[in-house]
Amino acid sequence: MKKLLLLVVGVLFAFAFDWSGKVNWAISYNTAKMIAQKEHKLIMVDISLSHCPPCRYLASKVYTDNEVANYINSNFVPVFYLADKDNIPVEVQSYFTGSTPTILFIKPNGELYRVIIGARPPQVFLKGLKEIAQSYKG
């Protein structure tokens, strides 16, 4: 019985994965859009898949990096979706090609501004974020 319990707990931990990192994700696209309109920021929509290695890399190595997370939290309104588990809002679906991870940068009015497809190391990802934020004139 004890071995069975340990096996069940081990399996649960194996499938549990923290996607949030240190990023303060909005609870929905609509919430992100309202905040973005108020704060004149881009909405950063990460669309990932549960079993996508580059998506997991972003979550475990990039979004846990203090400098990256702080920059995202200060300069964007981030929202996260798992394409195989969550209902992606229709407004966002039109910009999603199916490749993961896809990070969409959407203006507060709903217009697509930029897209990043794929994962990058923290400092390379941060450089791209800075270029996008600095070029946006909200």
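If you're matching positions, the sequence shown starts at 0 in numbering that gives the first Met the number 0 and goes up one per residue. Glycine included, every Cβ here is placed at the ideal spot set by N, Cα and C.
Annotation: the continuous beta strand (DSSP E) that includes Y112 extends over 111-116.
For the pair Q133 and Y70, the Cα-to-Cα distance works out to about 12 Å. According to the DSSP assignment, I26 belongs to no beta strand (DSSP E), since it is labelled neither H nor E. The C-alpha of K40 is placed about 11 Å away from the C-alpha of N72.
In this structure, S59 and T99 do not form a Cβ contact; the two beta carbons are roughly 15 Å apart against a cut-off of 8 Å. The criterion of a C-beta distance shorter than 8 Å is not satisfied by P77 and V123.
Using a Cβ distance threshold of 8 Å, I102 and I115 count as a contacting pair. Contact annotation: T63 and G20 have beta-carbon atoms nearer than 8 Å. As DSSP reads the structure, V76 sits in a beta bridge with I42.
Rounded to the nearest angstrom, the gap between the Cα atoms of R55 and D17 is 9 Å. Taking all protein chains in view, the Cβ of V91 is crowded by 16 or more other Cβ atoms within 10 Å, so the residue is classified as buried. The alpha carbon of M43 has as its nearest neighbour, out of D85, S27, P120, the alpha carbon of S27. Burial state of P107 is buried, judged by a 10 Å Cβ sphere holding 16 or more other Cβ atoms. Taking each of E66, T30, E38, A35 in turn and checking the Cα distance to P120, the smallest one comes out for E66.
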